[in-house]
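>
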């Protein structure tokens, strides 16, 4: 039985992704990079990232902005001639980046109150995108729109209010706590 | 005839930013004679965020909904939001595909006294339900106010076409285009019909997001669309709310309203714009709606084939 | 049962000469690993499979029997595998009556090109039989004459 | 049984077996098996040393049965049977245990398991061989006629080789003319000589050869029999033109008022009339009437062709005919279909006018094609200023076809040259890997590089007309990652050519089944051995040549056509062939006459003899499947070499306890 220390970075990426074995089949054809609507902003194309994973460039891969620019549109996944679950690998890389502590910004506590916080505490959400925004904090982006936008949203009855809570929050929290416990054990299996 | 009732998972967006979609869904269902019964105590699907952070809790979060729907006796779950649809459908499919995953997810669900057997609940998108279960022929008989003269761009976005094409081509879907023709409207060519709206990108890296929005709006406008029609609250939000920001960034002045498919369907069924949530959009839809004519537009003359031209490839029906 | 106590099942395979035996050959030339549990016997066609063969194998100590032929519609002899399907159903009926677990005797298809499928099938069946444990036929059915039963069933079928 | 003396030989096959299986131990252990008189291990049994050893042992030790544990019987059964025969032992008293493909190669990490399995397989073989009976192979005469199915370059080559050697050939072709895909091409790589110039003489030779009977516009409907004696039913579709009167003058198709798009020869790029000859150099020269489009067949009126035919050769009432051919051997050379590019919608084929397939481009650039060789856009006039060629369309893609189509790199390079020569346009190639692998091909690649073509390493993501910038307006934009830079690129061009892959014919499965050959995962016909027997199949007497066996270019197709012919000529010259005597026979004295077996036989080889009230097998028709053997309720049908006793003994042998200690044995003693 291999322990986590025996597993290469590549092996861990594969193990953490359902269907991840297909990663070994990458032809480096670039269908993913060509299909990606956000490809222009990525520091490496997905294909490039896969070559880096094979080369065990763990640190550089986990510091890449590529997974964070992934918009989960699945264009790469459906076009990949080797049927690699690329979008799911991006999820895995984000998760590994967070665990590796590359998720380092001063507002980490705020982050827990945002999207995930609401989902975990109330079972419902009100705004997507916050988690990623916090990660990319050190890539300064234009946030101009927020002020005017809020006013307009309010006028049209579309302001994101704090979400309602589901009834059986306890059940959800018990499930999530158990899932986290299993995940912690499973991570490098 | 018994009235068809569907177990319904509205998703968070429809409760906050996309009331318009919710009200048009409700009223269209009413008009078409079926019920959308909201499942009890559903929770957020996790959008795209949760899967990024911790895979297993994300699957468990989604699976709680599937398990509860199954406990209610539902064998189908109807979802109007493409992102929720994807997460629910994908979790069901992957649990079936990867038994190890199913085992872990069920271990987590057990902490809440739940269990889910993959394959129990068939996850369906509302647009597919209306098109397959009611069908174009039946829909055609229900039209009271044909949308003559209205040019629509059918925008499918990503998540009903990918990663699993449930009822249409992944790359070049056409069901919504056919729906528009049934409604009396014209479906314009739209190369970017499955191009991504940017998802949450507009809130993360505005320029990246706005560029994607700009491309889609530009392509629809250049093809003469009076409105873009979507099946997803996230797509509607991006294209509508950020259209002017994108205009500013690219120095353009597109004003293409973004409607939900149930809104245009509702109009053709004779429902009032206000019953369909029309008026909550940022880019005003009324100029487009006012274009609807009482009479069908004249049939375009068939262009004579240029003698020199080579034939186009023969396409199957 | 091996010396150290872990159960290593013994499976007897009946492979048709044209598809599944060649699939097994291809698994070999392609070096696809699978558990060393299957001992295979070549027959020209699954249509040749006399149900008695399966019973004999189980009686002589096999923990499971795997029959593999060409895919339906692909039989080298046009329709031998369809005959096999019918006989197999009959055999399963008898085996079920005797209380044998379904996974013990399986019928699968592999074309000559499907070395991977062949290897996967053996691996999968090995896991299933491992989970069931040893069969030990003589202990369960010391006095049973399954051959008479099957002969009877076949005659009934032939007259149907 | 005591007078039976079995020799067991366990092969090391170098490290192939001995690296995993403890062969010395297996040979030692085999001494304990019944009637074993000799048991040895040997480095290479198939080498002359190993074969000599068997022969010597048979002679010196009076061995009556032989078991060799080595590779698959499909590899070396013939070899060892030969050794037995040379030593005077009936070859059917030999049995093989497959401990390489089925043991050492598949259990490399389980040496004990592999050794146990090898012992069980050896034991099975010993138990079985003791039950085996001497058999004589069936000798059958070989008819000298050969059937060639498919009149493309591979089929033409095979037919000519056999006909030139003096034997009759029937060449069956589905279309109205022979020539196949090659007749559609303009130039051929890498020499750029004109396809028609090198093909037409061969077509003419095939048409005029006294030993070749052309059956064009015909299809094989049924195949019966076996090597040497096949009976083949061919449907000759009605041409509606009397070939004995027609002079091929062309008046009929010049006068025919009905024009339809020619989706076959012109690949949809041009038109033909309802009565047509697919191309000027067609062999035979006679036209056919396409009844689905002919005005007369649709409305009952017209008959213009009949009115103008100077030799009164038009026959509206002609019907399909069936001919039965008796042949000794068959060559399948049925070719390929081009990948349907609509299956990749993101490339826009069928939607975006100026996206062409490679076959369409062949017609475009062909001097005899719809534009007389002018490379123009779909409008028929405009010359492209820029062209993108997309490689691997429908190849190397698990969503369509996983295999490499082998010819697209080279045909794309050929297109590069033709586009530049004819239009001076800038050409971009989008490729994953360049594979110009045969003689002169790499040099051709270098020449194209010299000519200024751009090569962008990246599989194209999509082709769109949605412009994002003024320079993209009105163009097709090819979007791909340039993987050598690691950046997305958008390349606006006027024309796109999709290098569509090669696929098995749509009806390949049905054809394979009719002729008793197999199809691999990719759907192409399966050869007997991928390296050592590439044109034979698992069915004796049926050979394959050309792209029906897998994607290949013209030189390889010609080579296979000639190779199949050489194999067949060898058989014809031998006049006879030995068949495995694996046949069923009925013990008529015990047959109850229930007739169950009669209906079981797929070949109608069992008939019921009314006067005797028994069933009887015709050994010439029986193929030895054994279905009747298993079905006989009285168990009185014997399947030679696969008898009930033999298989039961094999079962008993395969389940012996393999953990017994090897016995003490005395050294081999001479008899």
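Protein chains in written order, with my numbering: chain A, 96 to 284; chain B, 5 to 321; chain C, 3 to 162; chain D, 2 to 672.
All C-beta atoms in this analysis are idealised placements derived from N, C-alpha and C, irrespective of residue type, glycine included.
Keep in mind it's a predicted model, so treat the numbers as computed, not measured.
1. Classify residue 144/C: buried if its beta carbon has 16 or more other beta carbons within 10 angstroms, exposed otherwise.
2. Identify which residue in 290/B, 69/B and 186/B has its Cα closest to the Cα of residue 126/B.
3. For residue 162/A, decide whether its Cβ has a neighbour in chain D, counting only Cβ atoms nearer than 8 Å.
4. From 167/B, 152/B, 267/B and 166/B, pick the residue whose C-alpha is nearest to that of residue 191/B; which is it?
5. Alpha carbon to alpha carbon, how far is residue 568/D from residue 227/D?
6. What is the DSSP secondary structure of residue 81/B, counted as helix, strand or coil?
7. Taking beta-carbon pairs under 7 Å, can you tell me which members of the region 393-421 of chain D lie near chain A?
8. Rounded to the nearest angstrom, what separates residue 469/D and residue 252/B at their Cα positions?
9. Please classify residue 203/D as buried or exposed, where buried requires at least 16 neighbouring CB atoms within 10 angstroms.
10. Take residue 271/D and list the residues in its own chain whose beta-carbon comes closer than 6 Å to its own, dropping the five residues that flank it on each side.
11. Closer than 7 Å by beta-carbon distance: list the chain D residues that pair up with residue 105/A, in chain order.
12. Check the Cβ-Cβ distances between residue 492/D and every residue of chain A, and say whether any is below 8 Å.
13. Can residue 452/D and residue 411/D be called in contact, C-beta distance under 8 Å?
14. Determine the direct distance from the alpha carbon of residue 512/D to that of residue 551/D, and round the result to whole angstroms.
15. If you draw a straight line from the C-alpha of residue 586/D to the C-alpha of residue 596/D, how long is it?
16. Could I get the ranges of all uninterrupted beta strand (DSSP E) runs contained in the region 438-524 of chain D, with 3 residues as the minimum, in chain order?
17. So residue 1/D and residue 384/D are supposed to be a Cβ contact under 8 Å. How far apart are they, rounded?
18. From what residue to what residue does the alpha helix (DSSP H) around residue 105/D run?
19. Taking its Cβ as the centre, do 16 or more other Cβ atoms sit within 10 Å of residue 27/C, making it buried, or is it exposed?
20. Since residue 421/D is in the alpha helix (DSSP H), which residue starts that stretch and which ends it?
21. Would you mind working out which of 400/D, 135/D and 495/D sits nearest residue 376/D, comparing C-alpha positions?
22. What number of angstroms, rounded off, separates the C-alpha of residue 56/C from the C-alpha of residue 111/D?
23. Under three-state DSSP, which class holds residue 89/B?
24. Locate the alpha helix (DSSP H) running through residue 234/B, then write down its first and last residues.
25. Is DSSP giving residue 101/B helix, strand or coil here?
26. Please report the distance separating the alpha-carbon of residue 105/A from that of residue 193/A.
27. Which residue wins for smallest C-alpha separation from residue 266/D, given the options 369/D, 333/D and 583/D?
28. What does residue 262/D touch in chain B if you count any residue whose Cβ is under 9 Å from its own?
29. Leaving out the 5 sequence neighbours to the left and right, which residues in its chain are closer than 6 Å to residue 22/B when beta-carbon positions are compared?
30. Give me the subset of the region 294-309 of chain D whose CB atoms are less than 9 Å from a CB atom of chain C, sorted by chain position.
31. Touching or not, the region 228-238 of chain D and the region 247-256 of chain D, by the rule of three or more beta carbon pairs under 8 Å?
32. Can you pull the chain A residues whose beta carbon is under 7 Å from the beta carbon of residue 68/B, in chain order?
33. Consider the Cβ of residue 205/B: report whether some Cβ of chain A lies at a distance smaller than 8 Å.
34. Can you find a C-beta in chain A that's less than 8 Å from the C-beta of residue 266/B?
35. If the cut is a Cβ gap below 7 Å, which residues of chain A does residue 47/B touch?
36. Relative to the C-alpha of residue 284/D, which residue among 330/D, 129/D and 175/D is closest?
From the atom records:
1. exposed
2. 69/B
3. no
4. 152/B
5. 16 Å
6. strand
7. 397, 398, 399 and 400
8. 16 Å
9. buried
10. 263 and 371
11. Simply none; closest approach about 19 Å.
12. no
13. no
14. 15 Å
15. 14 Å
16. 455-458, 461-465, 477-483, 488-494, 496-501 and 503-505
17. Because chain D is modelled from 2 through 672, residue 1/D falls outside the range shown and cannot be assessed.
18. Taken as a continuous stretch (DSSP letters only), residue 105/D belongs to no alpha helix (DSSP H), as it is neither H nor E.
19. buried
20. 409-424
21. 495/D
22. 27 Å
23. helix
24. Run containing residue 234/B: none in the alpha helix (DSSP H); it sits in the beta strand (DSSP E), 231-234.
25. helix
26. 17 Å
27. 369/D
28. 315 and 318
29. 237
30. none
31. no
32. 267 and 270
33. yes
34. no
35. 218, 219, 261 and 267
36. 175/D
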